[in-house]
Structure formats: structure tokens, C-alpha cells
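Visitor:
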Amino acid sequence: MSILGLKKKQPKTFKVKVITMDAEMEFSCEVKWKGKDLFDLVCRTVGLRETWFFGLRYTIKDTYAWLKPDKRVLDQEVPKDSPITFHFLAKFFPEKVEEELVQEITQHLFFLQVKKQILEEEILCSPEASVLLASYAVQAKYGDYDPNFHKPGFLAQDELLPKRVLMQYQMTADMWEEKITAWYAEHRGIARDEAEMEYLKIAQDLEMYGVSYFAITQNKRDTDLLLGVDAQGLHIYSPNSKLSPNKSFPWSGIRNISYSEKEFTIKPLDKKKDVFKFYSSQLRVNKLILQLCIGNHDLFMRRRKVDSIEVQQMKAQAKEEKARKKMERQILAREKQMREEAERAKEEMERRLFQLQDEARLANEALLRSEETADLLAEKAQIAEEEAKLLAHKAAEAEQERQRLEVTALKTKEEKRLMEQKMREAEQLAVKLVEQSERRLKEADHLKQDLTEAKDAERRAKQKLLEITKTTYPLIAAYSAPPAPPPPPPEASNFSYDSTSMRLDFKDPDMKRLSMEIERERLEYMEKSKHLQDQLKELKSEIESLKLEEQQQAGLFHPDPRRYHPEPHYVPHSNRNSAYMSQMAFYEEV
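The numbering of the sequence shown is my numbering, which starts it at 4 and goes up by one.
1. Sort Q116, Q171, N299, L539 by Cα distance to A234 and report the nearest one.
2. Considering only the beta carbon of each residue, do K270 and S263 sit closer than 9 Å?
3. Beta-carbon separation of F91 and V49 under 9 Å?
4. According to the neighbour-count rule (16 or more other Cβ atoms, all chains shown, within 10 Å of its Cβ), is Q116 buried or exposed?
5. If we ignore side chains and look at the alpha-carbon of each, how far apart do M352 and W179 end up?
6. To the nearest angstrom, how far is it from the Cα of F89 to the Cα of G156?
7. In the DSSP assignment, find the beta strand (DSSP E) that holds G236 and state where it starts and stops.
8. Following the continuous alpha helix (DSSP H) through V100, name the residue where it begins and the one where it ends.
9. Tell me whether Q110 is buried or exposed, calling it buried when 16 or more other Cβ atoms sit within 10 Å of its Cβ.
10. Return the residue from the list K37, E123, K118 that minimises the CA-CA distance to A137.
11. Considering just the uninterrupted stretch of the alpha helix (DSSP H) at H153, what are its terminal residues?
12. Can you tell which of K280, V314, L229 has its C-alpha closest to the C-alpha of E102?
13. Count the other CB atoms, across all protein chains shown, that sit within 10 Å of the CB of F152; report buried if there are 16 or more and exposed otherwise.
14. Grab me the residues of R2's own chain with a C-beta within less than 8 Å of its C-beta, minus the 5 sequence neighbours each way, in chain order.
15. Taking K250 as the reference, which of I239, N243, N259 has the closest Cα?
16. Does DSSP put W179 in a helix, a strand or coil?
17. Is K275 near the ligand SAH, in the sense that its beta carbon is under 8 Å from a heavy atom of that ligand?
18. Could you tell me the alpha carbon to alpha carbon distance between A384 and A399, rounded to whole angstroms?
19. At which residues does the beta strand (DSSP E) containing K265 begin and terminate?
20. When DSSP labels each residue in this structure, what does W254 get in the three-state scheme?
21. Determine, using beta carbons only, whether I183 and L163 come nearer to each other than 9 Å.
22. Hey, does R75 have any beta-carbon neighbour from chain D nearer than 9 Å?
23. Which term fits M341, buried or exposed, when burial requires 16 or more other beta carbons within 10 angstroms of its beta carbon?
24. Rounded to a whole number of angstroms, what is the C-alpha to C-alpha distance between K515 and E470?
25. Under the three-state reduction of DSSP, which class applies to G213: helix, strand or coil?
26. Classify Q142 as buried or exposed, calling it buried when 16 or more other Cβ atoms lie within 10 Å of its own Cβ.
27. For F357, does the count of other Cβ atoms within 10 angstroms reach 16, so buried, or fall short, so exposed?
28. Out of curiosity, what's the CA-to-CA distance linking D73 and F57?
29. Quick check: the Cα distance between D277 and K325, rounded to an integer number of angstroms?
30. Please go through the same chain and pick out, in chain order, the residues whose beta-carbon is closer than 6 Å to the beta-carbon of E107, but skip the five residues on each side of it.
31. Just reading off the alpha helix (DSSP H) that V34 is part of, what are its end residues?
32. Near I87, what residues of its chain come up, given a Cβ to Cβ distance below 8 Å and the 5 sequence neighbours on each side ignored?
33. What do you reckon, are the CB atoms on L539 and A433 nearer than 9 Å?
34. Please say whether V288 and K245 have beta carbons closer to each other than 9 Å?
35. Verify whether the separation of the beta carbon atoms of L517 and D448 is less than 9 Å.
36. Go ahead and label A194 buried or exposed: buried means 16 or more other beta carbons lie within 10 angstroms of its beta carbon, across all protein chains shown.
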């Protein structure tokens with residue numbers, strides 16, 4: 004066999020990528036696998052047992068299709084990409100999510116898919132319901148609200164509201180977050196699966212929940228309509244209104260659904276009612292409509308039958324699981340509560356400990372301050388005691404000084420009295436001396452008068468003698484030699500006349516005696532006066548010293564000079580002294 008004759012080997016496997024609502028998975032599939040084989044592999048990988056709600060959807064041209072379970076994967080109109088991409092989504096929706104959805108993974112996948120449809124506006128929702136649904140989505144993601152952890156802005160990165168709702172109101176992101184957080188805080192204690200179930204319970208009441216829409220025409224004239232297929236039946240809508248159907252055909256009222264190429268026929272169970280026909284231009288869409296109708300009708304009939312043993316076991320296991328989880332949540336809640344209480348108690352104890360530490364620190368500081376204050380007070384007390392001793396010593400010294408001053412004052416008073424007595428005696432002596440001086444002055448005046456009289460008598464005697472001489476001179480000249488010299492002046496107290504034959508000497512003995520007596524008395528008086536002046540100077544110096552001591556004592560006992568005005572105890576008799584000095588000068592002249 005030549006090389007050119009060899010056929011190219013076909014690969015035994017092909018790559019598949021399956022995208023769920025929260026994960027992406029890749030599988031290596033065998034070429035002979037049917038759609039059911041791949042679907043079962045994905046369900047086992049996810050852990051899903053409620054498989055009848057889900058399917059593998061793929062995109063082809065302008066529409067989508069579901070992978071058929073009883074046909075080989077590669078024999079279907081799947082994309083030829085490698086890997087082939089499928090979306091694992093809910094194909095059919097339950098009528099009552101709380102009763103039909105058993106597994107938690109089933110609830111979670113439905114929650115994620117419905118949430119995405121609401122955010123992408125495939126399911127329209129009012130703003131109020133959108134905020135409430137967003138609060139349950141936040142509870143499912145973040146758990147219980149904690150203001151210490153969930154600070155403002157923690158939802159900034161989360162897509163929680165449809166854009167239509169955001170554009171409908173002029174509100175900032177912070178305002179929307181505040182509204183969502185207000186509802187979110189009310190959901191405290193709700194577990195993740197419970198929050199997701201509450202989300203689905205609200206969402207299943209929305210008009211567009213679980214409805215698959217298709218464009219149809221009612222007749223050959225191409226009147227545009229919308230066909231809606233959901234868990235309750237078939238609905239006919241106007242093109243501009245997907246909320247309120249114009250006509251509905253519940254599954255319980257439909258006897259048969261058939262189509263021939265592009266024409267669909269709905270036969271009611273009541274034969275009296277008209278058969279409804281509509282047209283769809285695409286064959287692929289017609290097959291999809293038929294699949295959805297068959298699947299939803301089967302589920303509708305299945306819900307009204309007794310559950311199979313498998314479903315009953317699943318529900319029992321789910322019930323036990325829920326009870327176990329509920330108990331675990333209760334235990335966890337109790338433990339959490341106990342932990343929170345313990346943490347609060349710990350925080351309280353720590354706070355109390357810090358408070359006690361602060362109080363102890365303050366007490367220690369107060370103790371240290373009190374000790375320092377006590378030491379300072381002790382030091383001050385010691386200083387005060389020393390000052391008291393010093394003051395007592397000074398007081399004793401002051402007392403001694405006071406006693407000394409009193410003694411000195413007494414002595415001063417005594418000395419003052421003696422000095423005053425001496426002054427009085429000196430004054431009396433001065434008075435006596437003045438009297439004596441006056442008397443002596445009078446005697447001197449008398450003596451002067453007597454002297455004048457004596458001088459007059461002498462002058463007269465001399466005159467008389469001259470006269471006698473003149474009368475006797477010729478007689479003498481006759482008997483003697485040359486003539487005598489001229490006579491002396493008449494003021495002389497004595498004279499002599501010498502000649503060769505005769506010498507005359509005249510002396511008055513009374514005048515000599517009087518002059519000598521006057522000189523002697525003057526000398527005595529001068530001596531007494533000098534002695535008296537010495538005594539007066541000595542008394543004056545003593546008086547000045549006494550005045551100085553009195554002023555010093557007055558400064559000690561009378562510090563305010565305005566309140567102490569000492570008067571002199573002795574005023575010298577200046578007039579008498581001046582008279583006395585004038586008399587002394589007179590005697591000196593004499």
C-alpha cells in the first residue's frame with residue numbers, strides 16, 4: 004500500500020468548553036459521545052442532580068439551540084470551533100421555586116441566571132423590587148451587615164441594579180448604595196441559600212420570569228406577534244408589550260400542539276374553542292419552540308403527579324441537609340452570638356482593664372505626686388520649723404535687744420536727766436557768770452570812771468606841778484648850769500626831771516595798786532571763762548551724742564518718721580553766750 008493511499012486518521016476525541024454561571028470547565032470528549040453523555044459529565048462535575056431543569060445551549064447563526072441528548076454531539080449543528088463552547092443554563096423554570104428546587108446548587112445556579120437576566124433587562128423589574136433584590140444579592144455575597152467592616156463605598160464594584168433603573172432616577176451611586184444598604188441591614192441572620200431563595204421567590208412573581216420569547220405571525224398578512232413559552236403555558240403578546248399577554252393557553256387547557264414546517268397549531272382541550280394557528284419563518288426556531296413546549300408540558304404534568312422515588316429521596320436528603328444546615332447555622336449562630344458576647348465581654352474586660360490600668364496609673368501618679376507633695380511638705384515643714392527656730396531665736400534676740408534698749412533707754416533717760424541737771428547747773432553757772440560779768444562790768448565801769456578821775460587828778464597834779472615848776476624855774480636857773488630839755492608829753496602816767504643839780508620822780512602808788520588788781524582779776528576771769536567754755540563744749544558734744552542715740556532708738560521703735568518728732572531737751576542760751584563773749588572781749592581789751 005502506498006503512502007498516498009493511506010487515509011488520514013480521524014481524531015478519537017474533541018475539546019469542549021462548558022461555561023456555567025460561576026465557572027468554566029474544559030473536557031475531552033469522545034467522538035461517539037451523544038449529547039446526554041456530555042450533559043451527564045457536566046452535571047456530575049457540578050454536583051447537580053436536578054438535571055431536568057438544565058441543558059447545554061450553543062449559538063448558531065442568529066439564534067441559539069439546545070444540545071439534543073439522544074444524538075451525537077458532532078452530528079448536531081454545533082460550532083466547528085475547538086474547543087466547542089456550550090453554556091450550561093436553566094432550560095425550564097419551576098412554577099414555585101421554594102417547592103421544586105431541592106438542591107442548594109440548583110438554587111444557586113437559578114439565582115445567578117435570574118440575577119443576570121434582571122441586570123441585562125431580559126426580565127423587567129420595578130425600581131423598588133430592584134433595590135430589594137439587590138439587598139438580598141448583597142446578603143448572599145457578603146453575609147450579615149457589619150457597619151465596622153462594610154464601610155461606605157463597599158458596593159462600588161458590584162453590579163446590582165439594571166441600567167434602566169439607574170437612568171430612571173437622578174441619583175448618585177452613593178445614594179443607591181445607601182438605599183440598598185438600608186434593606187441589606189434588615190436581612191441580618193439570613194444564610195446565603197436562604198437569601199438566594201428569597202431572591203428567586205421575588206423574581207418568580209415578575210411578568211417576564213421564565214418566559215422565552217419568539218417572533219411569530221398570526222396569518223399570511225404577517226401580523227407581528229410574540230409567542231411566550233413558560234412553565235404555565237403559551238402566551239401571545241403584542242410586539243411592544245412583553246408584560247401583559249393578549250391571549251394565554253395554559254398547559255392544562257391544551258390538548259395538542261403540532262407544526263408543519265412554518266405553521267403551528269394549538270388545539271384547546273375544550274373542543275368548543277377555536278384552534279389557534281401561528282407562523283414562524285425559521286425552521287430552526289420552530290424546532291426550538293416545539294422542544295420548549297414539550298419540555299415545559301412534561302414538567303407541568305410531572306408536577307401534578309406523585310414524585311418519583313428518586314425525587315422523594317432527593318427531597319428527603321435535601322430536607323435532612325437543610326435541617327442539618329439549619330441546626331449547624333443555629334449552632335453557628337449561637338457560637339457566633341456567644342463569641343460576640345465573649346468578644347464584647349473581652350472588649351469590656353479590656354476596656355475595664357485599660358480603665359483600671361489608667362486608674363492605677365493615675366493612682367500611681369497621684370501617689371507619686373502625694374509622695375512628692377509629702378516630701379515637699381516635710382521639707383517645707385522642716386524649713387518652717389527651722390524658720391520658726393530662727394524666728395524664735397530672732398525673737399529672743401529681739402527680746403534681748405528690746406531689754407537692752409530698755410536698759411539703754413533707762414540709762415539714756417538717767418544720763419539725760421544727769422545731763423539736763425548738768426545743763427541746768429551750767430545754765431545756772433552761766434547765769435551766775437553773766438551776773439558776775441555784769442557786776443564786774445559795772446565794777447569795771449566804776450573802775451574806769453575812777454581811773455578817769457585818777458587820770459584827771461594826775462593831769463591836774465601834773466599841771467599843777469608844771470605850774471609850780473614854771474614858777475620856780477627862774478630861781479633854779481640862776482643857781483644852776485645849762486637849761487633843761489623840754490618836758491614830756493602830758494599823757495604820760497609818770498615823769499622825771501633830771502638836771503645836774505636836781506632829779507624829780509613822781510609816782511602814784513594808788514594807781515599802781517589799782518592797775519595790778521584789775522589785771523589780776525582780769526586774768527582770773529579769763530581763766531574761769533576758758534574753763535567754762537571747755538565745759539560748755541563738752542556738754543554740747545555729749546548732748547549731740549545723746550541726740551544721735553535717741554534718733555537711732557526712735558528709728559527702731561518708731562519707723563515712721565511722720566509719727567515721731569523728737570523735741571530737743573536743751574536749747575543753748577545763745578543770747579547769754581553772746582553777751583558773755585562780748586564781755587570777755589571787753590575784758591581782754593581792758
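The beta carbon of each residue, even a glycine, is placed where N, CA and C say it ideally should be.
Guide: Straight from the coordinates:
1. N299
2. no
3. yes
4. buried
5. 39 Å
6. 36 Å
7. 236 to 240
8. 100 to 103
9. buried
10. K118
11. That residue, H153, is in no alpha helix (DSSP H); it is neither H nor E in DSSP.
12. V314
13. exposed
14. With the chain covering 4 to 593 only, the question about residue 2 has no answer from this structure.
15. I239
16. helix
17. With respect to the ligand SAH, the structure offers nothing, as it holds no ligand at all.
18. 21 Å
19. Segment: none, K265 is in no beta strand (DSSP E) and carries neither H nor E.
20. helix
21. yes
22. Any reference to chain D falls outside this structure, which holds one protein chain only.
23. exposed
24. 25 Å
25. coil
26. buried
27. exposed
28. 15 Å
29. 48 Å
30. D196
31. Segment: none, V34 is in no alpha helix (DSSP H) and carries neither H nor E.
32. F17, K18, V19, K20, Y61, V76, V81
33. yes
34. no
35. no
36. buried
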